[in-house]
Ligand SMILES: *Cc1c(COP(=O)(O)O)cnc(C)c1O
């Protein structure tokens with residue numbers, strides 16, 4: 001495993017966890033430590049900031065500063081992860097070729113299917129672990145959209161090989177890095193052009209907001225996405241930006257705990273006779289563990305596992321759990337799980353597969369909860 005480089009700031013070089021806590025604050029005597037929610041759409045003229053759909057607010061700029069520096073780029077905050085993803089995808093002109101994983105996040109898949117049906121884009125579908133096909137797509141496609149680790153099978157792309165490959169001039173690589181967070185992987189450092197996060201998940205971390213981020217290093221791309229955000233109306237609100245910043249202060253702490261829990265639980269589930277298969281990038285038996293070991297620092301806190309028995313048992317395990325919440329979203333301090341094949345558009349996922357977002361509870365309490373849920377459903 002590699003170690004991530006430190007984050008440089010104007011003042012000093014500090015570790016990411018330090019920057020998350022100390023960055024993007026007010027610094028003048030008498031000011032509050034935190035940038036307050038600036039609840040405003042309209043500003044007195046003449047002004048650089050005249051209307052908040054254009055450049056957001058002081059509050060969204062604090063979030064952007066905090067998260068952009070974490071990946072040594074410039075961040076733009078959106079009203080959701082999908083608003084951020086749409087800003088990237090919808091810059092593709094008619095006739096463009098988009099290389100996409102076979103089963104990307106369903107919102108991304110929906111946008112691509114629609115554009116394909118209307119004859120606007122050519123979609124090239126590539127299995128995430130087919131590194132050679134991604135490398136050759138870099139010579140032909142206009143945009144490579146990667147999602148790694150991928151929902152819900154936790155496949156990890158060989159990002160260093162794909163992002164480092166020779167490209168046709170103008171081909172861009174975007175990475176949906178939601179499952180990993182900037183604490184686990186930094187695709188821009190590996191050569192990607194655009195990183196997208198659903199900050200709704202681990203970055204916000206408390207299941208109380210919707211937010212998205214794009215992070216880029218190229219100023220022209222940054223300006224283009226700022227314009228797109230303005231035109232699409234995807235700018236983040238000040239309250240969400242405030243909450244996302246507040247959540248992000250503890251991102252490093254939460255990820256440390258959640259990843260340690262996930263790693264321990266993946267090993268325990270892997271040895272459990274009620275479980276047929278565990279998919280977690282940190283398990284040496286995982287299909288794409290070797291890719292993960294190349295560049296991920298820690299393994300993230302997402303996994304999935306297939307229970308023995310019926311699909312009904314998998315649903316019953318989710319319902320029987322008392323501490324782990326039966327819920328679809330992920331990345332909160334609280335653990336959540338759901339049977340994925342029950343989700344619209346995910347019918348091809350193995351029927352007994354449970355996606356598990358591991359939170360920050362005590363690991364033995366989580367294990368006790370899983371054990372009692374598995375035991376109570378053994379007849380299903
Ligand atoms: C949730 C999610 C999105 C979409 O983000 P929203 O904030 O829900 O709009 C995109 N990609 C992945 C991997 C996600 O988990």
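In the working numbering, the protein residues as written are 1 to 380. Glycine included, C-beta positions come from ideal geometry on N, C-alpha and C.
So, are the CB atoms of residue i and residue j less than 8 Å apart?
{"i": "residue 40", "j": "residue 22", "result": "no"}
{"i": "residue 366", "j": "residue 265", "result": "yes"}
{"i": "residue 211", "j": "residue 80", "result": "yes"}
{"i": "residue 376", "j": "residue 320", "result": "yes"}
{"i": "residue 129", "j": "residue 288", "result": "yes"}
{"i": "residue 60", "j": "residue 238", "result": "yes"}
{"i": "residue 385", "j": "residue 303", "result": "Since the first and last residues shown for the chain are 1 and 380, residue 385 lies out of range."}
{"i": "residue 221", "j": "residue 194", "result": "yes"}
{"i": "residue 171", "j": "residue 144", "result": "yes"}
{"i": "residue 206", "j": "residue 178", "result": "no"}
{"i": "residue 236", "j": "residue 56", "result": "yes"}
{"i": "residue 341", "j": "residue 63", "result": "no"}
{"i": "residue 203", "j": "residue 262", "result": "no"}
{"i": "residue 96", "j": "residue 135", "result": "no"}
{"i": "residue 240", "j": "residue 269", "result": "no"}
{"i": "residue 295", "j": "residue 37", "result": "no"}
{"i": "residue 35", "j": "residue 26", "result": "yes"}
Applying the criterion that 16 or more other CB atoms from any shown protein chain within 10 Å of the CB defines a buried residue, is residue i buried or exposed?
{"i": "residue 11", "result": "Reliability of the predicted coordinates at residue 11 is poor, the pLDDT of 36 falling under 50, and the value obtained from them is presented with this limitation in mind. The residue in question, residue 11, is exposed, as its Cβ has fewer than 16 Cβ neighbours within 10 Å."}
{"i": "residue 371", "result": "exposed"}
{"i": "residue 131", "result": "buried"}
{"i": "residue 291", "result": "buried"}
{"i": "residue 33", "result": "exposed"}
{"i": "residue 29", "result": "exposed"}
{"i": "residue 186", "result": "buried"}
{"i": "residue 254", "result": "buried"}
{"i": "residue 378", "result": "exposed"}
{"i": "residue 189", "result": "buried"}
{"i": "residue 282", "result": "buried"}
{"i": "residue 278", "result": "buried"}
{"i": "residue 20", "result": "buried"}
{"i": "residue 137", "result": "buried"}
Quick check on this structure: which residue in the options has the alpha carbon closest to the alpha carbon of residue i?
{"i": "residue 121", "options": "93, 153 and 156", "result": "93"}
{"i": "residue 246", "options": "67, 55, 301 and 147", "result": "67"}
{"i": "residue 71", "options": "302, 192 and 284", "result": "192"}
{"i": "residue 324", "options": "363, 294, 300 and 286", "result": "363"}
{"i": "residue 180", "options": "373, 346, 331 and 44", "result": "331"}
{"i": "residue 337", "options": "346, 359 and 348", "result": "359"}
{"i": "residue 152", "options": "280, 16 and 257", "result": "280"}
{"i": "residue 15", "options": "69, 164 and 378", "result": "69"}
{"i": "residue 113", "options": "172, 134, 89 and 334", "result": "89"}
{"i": "residue 318", "options": "58, 352, 261 and 299", "result": "352"}
{"i": "residue 274", "options": "63, 199 and 305", "result": "305"}
{"i": "residue 142", "options": "293, 199, 118 and 98", "result": "98"}
{"i": "residue 258", "options": "155, 299, 277 and 43", "result": "299"}
{"i": "residue 284", "options": "155, 333, 354 and 200", "result": "155"}
{"i": "residue 201", "options": "137, 13, 361 and 301", "result": "301"}
{"i": "residue 140", "options": "326, 347, 167 and 349", "result": "167"}
{"i": "residue 333", "options": "354, 346, 355 and 361", "result": "361"}
Excluding five sequence neighbours on each side, which residues of the same chain lie with their C-beta closer than 6 Å to the C-beta of residue i?
{"i": "residue 228", "result": "87"}
{"i": "residue 108", "result": "85"}
{"i": "residue 328", "result": "338"}
{"i": "residue 82", "result": "107"}
{"i": "residue 18", "result": "none"}
{"i": "residue 157", "result": "128, 146 and 148"}
{"i": "residue 65", "result": "24"}
{"i": "residue 234", "result": "78, 79 and 83"}
{"i": "residue 161", "result": "131"}
Between which residues of its own chain and residue i is the CB-CB distance below 8 Å, once the five residues before and five after are set aside?
{"i": "residue 380", "result": "309, 310, 312, 313 and 316"}
{"i": "residue 374", "result": "272, 274, 275, 307 and 317"}
{"i": "residue 174", "result": "88, 143, 144, 145, 146, 192, 193, 194, 195 and 196"}
{"i": "residue 224", "result": "91"}
{"i": "residue 2", "result": "Reliability fails at residue 2, whose pLDDT of 48 lies under 50, so the model's placement of it is uncertain and the value that follows must be treated cautiously. Counting only Cβ-Cβ distances below 8 Å, and skipping sequence neighbours, we find 294, 295 and 297."}
{"i": "residue 116", "result": "122 and 123"}
{"i": "residue 267", "result": "283"}
Take residue i and list the residues in its own chain whose beta-carbon comes closer than 7 Å to its own, dropping the five residues that flank it on each side.
{"i": "residue 150", "result": "101 and 128"}
{"i": "residue 226", "result": "76"}
{"i": "residue 369", "result": "321, 322, 323 and 324"}
{"i": "residue 58", "result": "35 and 38"}
{"i": "residue 349", "result": "152, 340 and 341"}
Is the Cβ of residue i closer than 8 Å to any Cβ of chain C?
{"i": "residue 288", "result": "Given the protein chain composition of this structure (a single chain), no chain C is represented."}
inquiry  = Pairs of beta-carbons, one from the stretch 73-81 and one from the stretch 213-224, closer than 8 Å: are there three or more?
reply    = Using a C-beta cut-off of 8 Å, the stretch 73-81 makes contact with the stretch 213-224, since at least three inter-stretch Cβ pairs fall below that distance.
key: Segment contact flag, the stretch 123-142 with the stretch 93-113, C-beta cutoff 8 Å, min 3 pairs   = A contact between stretches requires three or more CB pairs, one per stretch, nearer than 8 Å, and the stretch 123-142 meets this requirement with the stretch 93-113.
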